[in-house]
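Asks:
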Amino acid sequence: GRPAEPAEPGEPGEPGDRERAVRRLLYRSKQRGWLEMDILVGEWAEAHLPRMSPAELREFSRFLDEENPDMFKWITGQADPPPHVAEMQVFRALGGYVRGKMAP
Numbered sequence: 001g002r003p004a005e006p007a008e009p010g011e012p013g014e015p016g017d018r019e020r021a022v023r024r025l026l027y028r029s030k031q032r033g034w035l036e037m038d039i040l041v042g043e044w045a046e047a048h049l050p051r052m053s054p055a056e057l058r059e060f061s062r063f064l065d066e067e068n069p070d071m072f073k074w075i076t077g078q079a080d081p082p083p084h085v086a087e088m089q090v091f092r093a094l095g096g097y098v099r100g101k102m103a104p
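46 is the number that the working numbering gives to position 46 of the sequence shown; each next residue is one higher, with no gaps.
#1: Kindly indicate which residue of GLU87, ALA103 and TYR97 has the alpha-carbon position closest to the one of ARG62.
#2: Can you give the beta carbon distance from GLY16 to LYS30, rounded, assuming they're within the 8 Å contact cut?
#3: Helix or strand or just coil, what does DSSP make of SER53?
#4: Determine the closest residue to TRP44 out of ALA103, ARG99 and GLY77, with distance taken between C-alpha atoms.
#5: What residue ranges within the region 19-64 form continuous alpha helix (DSSP H) runs of no fewer than 4 residues, ordered along the chain?
#6: Look at the Cβ atom of ILE75, then the Cβ atom of PHE60, and state whether they are nearer than 9 Å.
#7: Hey, how far is the Cα of GLN78 from the Cα of ALA21?
#8: So what's GLN89 in DSSP terms, helix, strand or just coil?
#9: List the endpoints of the continuous alpha helix (DSSP H) containing PRO69.
What follows is the structure in structure tokens.
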């Protein structure tokens, strides 16, 4: 038969699937290829991913699909995000974290 489709991050499945999803998202957060993003997104993800619900993990995965230059402008408040990003709870939390770190 056909191989099974990989589960979305946070979806119930085999034991250990959630942990694998969290590790995969953490890797994607810390290996953006842009040092500032690796640090900002990676630190936030390390602190928050383990406590996220399956829905939040899926939302964060979708957020990580965005392009680095756009993400950086959005989370630092330099540009308004598009509606599909602005409505994400994880985006709002990450943006608040980043702007807090940047405050004098």
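Each residue gets a CB set at the ideal place from its N, CA and C atoms; glycine is no exception.
Replies: On the basis of the supplied data:
#1: As a working note, residue 62 is residue 62 in the sequence shown. Residue nearest to ARG62 within the set GLU87, ALA103 and TYR97 is GLU87 (criterion: CA-CA distance).
#2: Within the sequence shown, residue 16 is the residue found at index 16, counting from 1. Within the sequence shown, residue 30 is the residue found at index 30, counting from 1. So it is not a contact: roughly 21 Å between Cβ atoms.
#3: Taking the first residue of the sequence shown as position 1, residue 53 is located at position 53. Here SER53 sits in coil by DSSP.
#4: Looking up residue 44 in the sequence shown gives position 44. Of ALA103, ARG99 and GLY77, the residue nearest in Cα terms is ARG99.
#5: Within the region 19-64, the complete alpha helix (DSSP H) segments at least 4 residues long are 35-48 and 54-64, listed from N- to C-terminus.
#6: Stepping through the sequence shown from its first residue, residue 75 is reached at position 75. Stepping through the sequence shown from its first residue, residue 60 is reached at position 60. Not in contact: ILE75 and PHE60 (Cβ atoms no closer than 9 Å).
#7: For the purposes of this step, residue 78 is taken as the residue at position 78 of the sequence shown. For the purposes of this step, residue 21 is taken as the residue at position 21 of the sequence shown. When the Cα atoms are used, GLN78 and ALA21 turn out to be separated by approximately 30 Å.
#8: Sequence index remark: in the sequence shown, residue 89 carries index 89 (1-based). Helix.
#9: Here the question's residue 69 lines up with position 69 in the sequence shown. Run containing PRO69: 68-75, per the alpha helix (DSSP H) assignment.
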